[in-house]
Each structure stands twice: as structure tokens, then as C-alpha cells.
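In my numbering, the protein residues as written are 7 to 293. Built from N, CA and C at the ideal position, the CB exists for glycine as well.
As C-alpha cells, then:
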């Protein structure tokens, strides 16, 4: 019996055009009626995740910023971790020696540099990755100069390089120079820098413990390499059909792709066999 369902957002519940399918909304409603706690687990900021949660009619805790924040709203938090101001400044000083786009992901806004990289696709990703109404973005010529006057601590730093080789060179220098951070490598030259110990798996553990559920009673559905540890640790780890081969190999179940409504298919296929948790608890009490 599974009591917690964790859903990645991009590439999982959303289609490639950013749409949230009606069938996915219906599947989430279906599983909620079974008494299952549903959460979102994402690298997105909390305000963006909250927007998706609202469309799904979820009002519980969400795991955002790769696990650096677990919260219902910015004013109702279970957990948060940040990269301190001085360390953020030192990271930016190193990164500004490379040809990369840097995004400091504060809880309420993002601050980015205007540096251009070779791939137009990277720039498009940087510019379109959040809703400016919910999560405003400001671009400046020199992040280092801004941080000298107005230092900030952030849950996450997103960095976009033209190539994986440039990204890996920067990561090697950061590893040597900056303590107490972790780096999550993403496709297409992207790197996410988070406080040490932060991950989607750590966030899932914290939320599960908070609601009194074991990881064995958890279903995790995702499509990215950053989802892989949580997929492996969950009682039922599910990979999307569009996930990389490594993720599929680690999963207990491989569903259809996000374009083929893989979440809706998996949820309906599995949870139809599970009775409502309240009913099962009453039955256990009677016995």
C-alpha cells in the first residue's frame, strides 16, 4: 500500500510544450481520493511549483529547488537550506571566468548575467524558464559587482555552458575551491549548484518522515538523472518513457512518455488496485 506519490514536473507531468494535460489532473484527483498524499518534486523554484500545484489542486508540502526547500508556501516551510552570502559571491567570482550564463535562484526572484554563450538554445532556456509574474528575473552586466553591494544567500544557482566540457572544467575548479556545495549535472551543458547534502532524495526523505510515511510506502515518478536516486530508493520507482536509459534501468516500472500521458497511465494502472487508505485502516482495526 502506497501512501505518498511524488511527481517530477518538467518532462514528467508536463508535456514538452509546457501543457498540463487534463488526463494528468484527473489521475491526480483519482489518487488523492484513495487517501494518498501527492507532492511535486522539482528543480523549479517554489513559486513556480506552487503554480503547477494549484492547477492540480494540491495544497500540501512541495519539494522545490532540488530539495533545498520543502514548503507549502514561502511563509509555511518544513525545511530550507541556502548557500551563504560569502560563498555565493565566491562561486560567482569563479564562474565569471568562464563563458556561461549564471542564474542566482533566490526564493522570490532570480538574478542573472547578460553574458552570451554560443548556443541560442541555452539563452532561450535561461530566459523562458520561469513566469516573470510569479518569479521576476533581473539581468545585470556583472553579478560580482552587484553582490559586493547587495550580497544574497540562495537555495540554488543554475549555470548554463555552451558545452559539457566547459561545464566539467568549471565544476572541477569549484570542487577544488568551494566547500560545502554539491553540483548536479544536467544535459546540454547545464549545472545546478546547491547546498551540500541537498537532493531530491533527501527532500523526499524529509517529507516522508514529516507525514509519517516510509520510503517503502512511496511512489516516485521522474524522467531525469537528478530523479534517479529517489527512484531507486522509493518503494515503487517509476521512470518515464522519455527518461535516459540509466533512469529506466534503475526503475521498478517504466511507463509511457510525457507526450503519451505516462503519469496518467501509470497512476490509473497501479492505484486502481489499491483501496482507500482510510478503508484499509478501518478494516485493519476491525480485524
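- Here residue 35 is exposed: its Cβ has fewer than 16 other Cβ atoms, across all protein chains shown, within 10 Å.
- Taking one beta carbon from each stretch, the segment 49-60 and the segment 259-279 have fewer than 3 pairs nearer than 8 Å; the two do not touch.
- If the five residues before and after residue 152 are omitted, its C-beta is found closer than 8 Å to the C-beta atoms of 117, 146, all from its own chain and listed in chain order.
- For residue 119, the enclosing beta strand (DSSP E) starts and ends at 116-119.
- It is roughly 10 Å from the alpha-carbon of residue 171 to the alpha-carbon of residue 194.
- The segment 228-238 makes contact with the segment 203-217; the number of CB pairs closer than 8 Å reaches 3 or more.
- DSSP places residue 41 outside any alpha helix (DSSP H), giving it a letter other than H or E.
- In this structure, residue 227 lies away from residue 30, with their beta-carbon atoms at least 8 Å apart.
- In this model, residue 106 and residue 212 are separated by some 33 Å (Cα to Cα).
- In the same chain as residue 179, and ignoring 5 residues on each side of it, the C-beta atoms closer than 7 Å to its own belong to 100, in chain order.
- Segment contact: the segment 239-257 against the segment 37-44, fewer than three CB-CB distances shorter than 8 Å; contact not assigned.
- Judged by DSSP in its simplified three-state form, residue 171 adopts helix.
- Nearest to residue 11 by alpha-carbon distance, out of 271, 261, 243, 74, is 243.
- Of all alpha-carbon atoms in 252, 218, 142, 214, the one lying nearest the alpha-carbon of residue 240 is that of 214.
- Cβ contact annotation for residue 13 (same chain, cutoff 6 Å, sequence separation greater than five): 19, 46, 227, in chain order.
- Between residue 113 and residue 75, the C-beta gap is smaller than 8 Å, which places the two residues in contact.
- For residue 48, no alpha helix (DSSP H) encloses it, and the DSSP letter there is neither H nor E.
- Counting every other CB atom within 10 Å of its CB across the protein chains shown gives residue 218 a total below 16, marking it as exposed.
- Inclusion of residue 48 and residue 70 in the CB contact set at 8 Å is warranted, their separation being smaller than that value.
- Short of 6 Å from the beta carbon of residue 222, and not among the five residues preceding or following it, lie these beta carbons of its own chain, in chain order: 241.
- Counting along the chain, the unbroken alpha helix (DSSP H) around residue 95 starts and ends at 91-101.
- In the three-state reduction of the DSSP assignment, residue 144 falls in the strand class, which pools E and B.
- DSSP assignment within the segment 169-243 yields the following whole alpha helix (DSSP H) runs of 4 residues or more, N-terminal first: 170-183, 206-216, 234-239.
- For residue 11, the enclosing beta strand (DSSP E) stretches over residues 10-13.
- For the pair residue 80 and residue 190, the Cα-to-Cα distance works out to about 24 Å.
- Pairing residue 276 with residue 149, the inter-Cα distance amounts to about 48 Å.
- Around the CB of residue 181, fewer than 16 other CB atoms lie within 10 Å, so the residue is classed as exposed.
- Residue state for residue 245 is assigned as strand, using DSSP reduced to three classes.
- Looking at the backbone, the Cα of residue 58 and that of residue 197 are separated by about 23 Å.
- For residue 85, the enclosing beta strand (DSSP E) stretches over residues 82-86.
- Between residue 163 and residue 89, the C-beta gap is smaller than 8 Å, which places the two residues in contact.
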